[in-house]
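K.L.:
Residue numbers (numbering that gives the first Met the number 0): 0 to 548. I have a structure I would like to understand better, so I am pasting it below and will then ask my questions one at a time.
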Amino acid sequence: MFWTRRASASGLILFFASALLVAPAMAQITTDSAPPPSGAPVVYGTDTLFTLYGRLGPFGPPERASAVVQRLARRGAALANGRDSILVTEVERRSELLIGDEVLMTVLDADALPTGQPRPALATAWAARMQQAVVATAAASSFRSLSIDAAKAALATLVLIGLLFGLQRLFHRVYRELRGPRVPPFRIKRFELLSAARLGEALTLVARVVRVSLTVLLLYIYVPLVLSFFPWTAPYSRRIVGYVLTPLHAVGAGFLDYLPNIFFLLVIFLVTRYLLKLIHLVFRAIGSGALVLEGFHRDWAQPTFNIIRFLVVAFAVVVMFPYLPGAESPAFKGVSLFVGVLFSLGSTGAVGQIVAGVVLTYTNAFRLGDRVQIGETVGDVVQRTMLVTRIRTIKNVEVTVPNATVLSSQLINFTTQASERGLILHTTVTIGYDAPWRQVHELLIAAARATGDIKADPAPFVLQTSLDDFYVSYQINAFTDQPAVMARIYSVLHQNIQDKFNEAGVEIMSPHYGARRDGNQVTIPVSYLPGDYRAPAFRVEHLPPDGQG
């Protein structure tokens with residue numbers, strides 16, 4: 000029963016109902032039916048004449064087929080010359096094929112049953128077929144046939160030699176052209192990927208591979224062709240051709256069988272691709288501020304997209320895995336398991352770095368461009384990946400820090416509060432006890448206000464951090480919103496402190512300074528001293544003798 004696209008609904012219902020009723024009976028028939036019998040072919044020369052299925056006494060189909068071939072070979076010359084012929088006789092429910100008084104073979108009912116023909120008619124057909132095969136084999140082995148076959152082989156050899164000579168001349172000319180000045184360098188815009196010499200060498204190598212491939216192809220065509228001309232070597236010709244045609248046929252059949260899987264893989268690939276495009280569009284809108292989600296920072300958009308993209312691709316690979324070529328083979332499963340074990344053992348550190356990167360991303364510890372200190376490294380964050388964080392120091396040295404190290408170290412961010420509350424820069428100077436502390440406060444605050452990038456509001460302030468043996472420690476604190484240039488701000492602040500203290504005639508006693516004030520120059524630079532300043536001399540006092548007024 001054949002169905003078309005225009006089959007009616009009632010017809011479909013009738014078909015399924017019939018199938019349900021007939022299915023048990025068909026299953027019983029299928030279960031009870033015997034497997035098809037196995038036979039042995041009778042091959043004479045290069046032709047398969049027929050197949051024997053029955054068993055004659057102790058002889059099975061293979062023994063019977065071998066005996067028939069041996070008798071045909073022994074009586075083949077007489078059959079070919081017409082001196083003998085094959086006669087068919089019926090004896091007790093079997094047919095016997097005779098050559099003279101010798102029984103060539105016996106045809107049984109079991110031989111005729113698989114063919115669906117009556118046994119007598121089948122025996123007559125087999126006799127005629129064997130007669131023709133013997134005559135054809137003898138004709139192919141005659142001197143005239145062998146001479147013609149030899150001439151064909153010689154002609155094929157001359158054609159092969161001519162083609163090989165033509166290939167040699169053609170490719171020698173190609174080699175000269177490729178080594179000559181006509182081959183331009185390979186460039187992409189202004190960037191030269193391959194020079195003319197290197198490109199010529201690469202193209203010459205490709206030409207050599209093509210030449211070898213064509214030569215092998217010609218030899219592969221020539222050898223089976225010549226072998227097919229002679230009756231003794233014709234089977235080897237078919238075998239050689241089968242060495243290539245059989246794998247090609249298997250590959251073609253496998254490709255046709257694999258087409259539905261290719262369709263599934265294509266559908267999964269397209270769905271994954273456009274799903275990723277949609278997800279990227281959403282997170283790009285979040286990153287640009289066009290889409291605002293409460294509690295979700297804009298800086299999380301790209302890292303979150305990277306994580307979701309990885310999960311989507313991983314899920315797609317898992318779904319596609321059963322449809323890959325050879326996915327069900329034990330070799331493919333073994334290799335997949337081996338690669339998985341290697342990846343698991345070798346990626347432990349990488350997985351730890353990725354987890355640390357995810358934690359750093361969602362803790363919002365720092366952003367690109369922030370001035371941070373990780374361990375002893377101080378600089379600006381220039382790159383943040385799932386594995387490492389890269390920092391550029393003020394000396395333009397790029398330091399790569401693994402994310403696990405960042406997570407386990409103390410991280411100082413100078414930028415987070417700088418724009419809103421201001422970053423407090425502080426430095427300490429030590430001044431002797433002879434200088435009034437109020438004057439020192441005024442001088443330090445004046446130096447801070449004279450420094451660029453220091454905010455006037457909040458105002459700078461001074462803390463006296465300690466009273467030491469020889470001096471007092473004063474700490475100036477000033478606010479800035481430019482942490483990226485804090486090194487320059489510190490340098491200018493120190494310069495201004497020196498200027499203000501020198502102008503006021505206050506000596507900076509840092510870290511230690513000892514002097515005899517009687518007879519020594521002060522530590523203030525000469526440019527800050529009055530023009531008539533002179534270092535004091537040692538003071539000597541004359542005391543009157545004891546007892547004198």
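Note that beta-carbon positions come from the ideal geometry of N, C-alpha and C, so glycine has one too.
Among all the DSSP beta bridges, which residues are the ones paired with Val613?
P.N.:
Any answer about residue 613 is impossible in this case: the structure gives the chain only from 0 up to 548.
K.L.:
Suppose the cutoff is 6 Å on Cβ atoms and the five residues either side in sequence are ignored; what does the same chain contact list for Thr47 look like?
P.N.:
Counted from its first residue, the sequence shown places residue 47 at position 48. Pro40.
K.L.:
With C-beta atoms as the reference, is Thr360 less than 8 Å away from Val311?
P.N.:
Numbered from its first residue, the sequence shown carries residue 360 at position 361. Numbered from its first residue, the sequence shown carries residue 311 at position 312. No.
K.L.:
The alpha helix (DSSP H) with Tyr489 in it runs from where to where?
P.N.:
Locating residue 489 in the sequence shown gives position 490, counting from the first residue. First-last of the alpha helix (DSSP H) with Tyr489: 485-503.
K.L.:
Just to confirm, are His425 and Ile507 a CB contact at a threshold of 8 Å?
P.N.:
The sequence position of residue 425 within the sequence shown is 426, counting from 1. The sequence position of residue 507 within the sequence shown is 508, counting from 1. Cβ distance not < 8 Å, so His425 and Ile507 don't count as in contact.
K.L.:
For a minimum of 3 consecutive residues, which ranges assigned as the beta strand (DSSP E) are wholly contained in the stretch 426-469?
P.N.:
460-466
K.L.:
Per DSSP, what kind of secondary structure is Phe478 in: helix, strand or coil?
P.N.:
Counting from 1 along the sequence shown, the entry for residue 478 is found at position 479. Strand.
K.L.:
Under the three-state reduction of DSSP, which class applies to Ala39: helix, strand or coil?
P.N.:
Here residue 39 corresponds to residue number 40 of the sequence shown, with the count starting at 1. The answer is strand: DSSP assigns Ala39 an E or B state.
K.L.:
Looking at the structure shown, is Gln416 part of a helix, part of a strand, or coil, going by DSSP?
P.N.:
Counting from 1 along the sequence shown, the entry for residue 416 is found at position 417. Coil.
K.L.:
With a 10 Å radius around its C-beta and 16 neighbouring C-beta atoms as the bar for buried, classify Val539 as buried or exposed.
P.N.:
As a working note, residue 539 is residue 540 in the sequence shown. Exposed, because fewer than 16 other Cβ atoms sit within 10 Å of the Cβ of Val539.
K.L.:
Less than 8 Å between C-beta atoms, sequence neighbours within five positions excluded: which residues of the same chain meet that for Ile496?
P.N.:
Indexing the sequence shown from 1 puts residue 496 at position 497. Correct list, in chain order: Thr426, Val428, Leu442, Leu443, Ala446, Ile475, Ile507.
K.L.:
On a CA-only basis, which of Pro543, Tyr432, Val505 is nearest Leu528? Give me that one, please.
P.N.:
Numbered from 1 along the sequence shown, position 529 holds the residue referred to as residue 528. Here the closest residue by C-alpha is Val505.
K.L.:
Three-state secondary structure (DSSP) at Pro401?
P.N.:
Counting from one through the sequence shown, the residue named residue 401 turns up at place 402. Strand.
K.L.:
Indicate the three-state DSSP secondary structure (helix, strand or coil) for Ile523 in the structure shown.
P.N.:
Reading the sequence shown from its first residue, position 524 is the one you call residue 523. Looking at Ile523 - three-state DSSP - the assignment turns out to be coil, as it is neither helix nor strand.
K.L.:
Based on the DSSP output, what are the partners of Leu424 in its beta bridges?
P.N.:
For the purposes of this step, residue 424 is taken as the residue at position 425 of the sequence shown. DSSP, once it has assigned bridges, lists Ala477 as partnering Leu424.
K.L.:
For Met104, does the three-state DSSP call read helix, strand or coil?
P.N.:
Working through the sequence shown from its first residue, we reach residue 104 at position 105. It is a strand residue.
K.L.:
For Arg550, which residues does DSSP report across the bridge?
P.N.:
What is shown of the chain runs 0 to 548, which leaves residue 550 out entirely.
K.L.:
Identify whether Thr156 lies in helix, strand or coil by the three-state DSSP scheme.
P.N.:
Residue 156 sits at position 157 when you count from the first residue of the sequence shown. Helix at Thr156.
K.L.:
Please work out which residues of its chain come closer than 6 Å, Cβ to Cβ, to Met385, disregarding the five sequence neighbours upstream and downstream, and give them in chain order.
P.N.:
The count along the sequence shown starts at 1 and reaches residue 385 at position 386. Excluding positions up to five away in sequence, the list reads Ile353, Gly356.
K.L.:
According to the neighbour-count rule (16 or more other Cβ atoms, all chains shown, within 10 Å of its Cβ), is Phe268 buried or exposed?
P.N.:
Position 269 of the sequence shown, counted from the first residue, corresponds to residue 268. Phe268 should be labelled exposed.
K.L.:
Over what stretch of residues does the alpha helix (DSSP H) that includes Gln301 continue unbroken?
P.N.:
Residue numbering aside, residue 301 sits at position 302 when the sequence shown is read from its first letter. Element bounds for Gln301: 300-319.
K.L.:
Which residues does DSSP pair with Gly378 in a beta bridge?
P.N.:
What you label residue 378 is simply residue 379 of the sequence shown in a count that begins at 1. For Gly378, which the question treats as bridged, DSSP gives the partners Val371, Thr392.
K.L.:
DSSP three-state label for Ser287, please.
P.N.:
Taking the first residue of the sequence shown as position 1, residue 287 is located at position 288. Residue state, collapsed to three classes: helix.
K.L.:
Does the structure place the stretch 94-101 close enough to the stretch 157-171 that three or more beta carbon pairs sit under 8 Å?
P.N.:
no
K.L.:
From the DSSP secondary-structure annotation, give me the bridge partner or partners of Ile507.
P.N.:
For the purposes of this step, residue 507 is taken as the residue at position 508 of the sequence shown. Answer is Ile430.
K.L.:
Where does Thr214 sit, in a helix, a strand or coil, going by DSSP?
P.N.:
For the purposes of this step, residue 214 is taken as the residue at position 215 of the sequence shown. Three-state DSSP puts Thr214 in a helix.
K.L.:
Which stretch, first to last residue, makes up the beta strand (DSSP E) that contains Leu50?
P.N.:
On the sequence shown, position 51 is the one that residue 50 refers to. With the sequence shown as reference, residue 50 is identified as Thr, and Leu is not the correct amino acid for it. Its beta strand (DSSP E) spans residues 46-51.
K.L.:
Does the distance from the C-beta atom of Val106 to that of Leu86 stay below 8 Å?
P.N.:
Counting from one through the sequence shown, the residue named residue 106 turns up at place 107. Counting from one through the sequence shown, the residue named residue 86 turns up at place 87. No, Cβ-Cβ distance for Val106 and Leu86 is not below 8 Å.
K.L.:
Measuring CB to CB, does Arg304 end up less than 8 Å from Phe282?
P.N.:
Stepping through the sequence shown from its first residue, residue 304 is reached at position 305. Stepping through the sequence shown from its first residue, residue 282 is reached at position 283. One detail in the question is off: residue 304 reads as Phe in this sequence, not Arg. Phe304 is a Cβ neighbour of Phe282, given a cutoff of 8 Å.
K.L.:
Which residues in the same chain have their Cβ closer than 6 Å to the Cβ of Ala483, if we skip the five residues on either side of it in sequence?
P.N.:
Here residue 483 is taken as the residue at index 484 of the sequence shown, counted from 1. Here the set comprises Arg370.
K.L.:
With a threshold of 7 Å on Cβ separation, who are the neighbours of Ser227 within its own chain once the five nearest residues in sequence on each side are excluded?
P.N.:
In the sequence shown, residue 227 corresponds to position 228, counting from 1. Counting only residues of its own chain and dropping the five nearest sequence neighbours on each side, Ser227 has a CB closer than 7 Å to the CB of Ala233, Ser236.
K.L.:
Excluding five sequence neighbours on each side, which residues of the same chain lie with their C-beta closer than 7 Å to the C-beta of Thr362?
P.N.:
The sequence position of residue 362 within the sequence shown is 363, counting from 1. Counting only residues of its own chain and dropping the five nearest sequence neighbours on each side, Thr362 has no CB closer than 7 Å to any other CB.
K.L.:
Between Val266, Pro544, Thr404, Lys394, which lies nearest to Val549 when the distance is taken from Cα to Cα?
P.N.:
Lying outside 0 to 548, the shown extent of the chain, residue 549 is not represented and no answer is given.
K.L.:
Can you tell me which of the three DSSP states Phe254 falls into?
P.N.:
Counted from its first residue, the sequence shown places residue 254 at position 255. Three-state result, Phe254: helix.
K.L.:
In angstroms with no decimal places, state the Cα-to-Cα distance between Phe331 and Gly253.
P.N.:
Indexing the sequence shown from 1 puts residue 331 at position 332. Indexing the sequence shown from 1 puts residue 253 at position 254. If I take the Cα positions, the gap works out to 16 Å.
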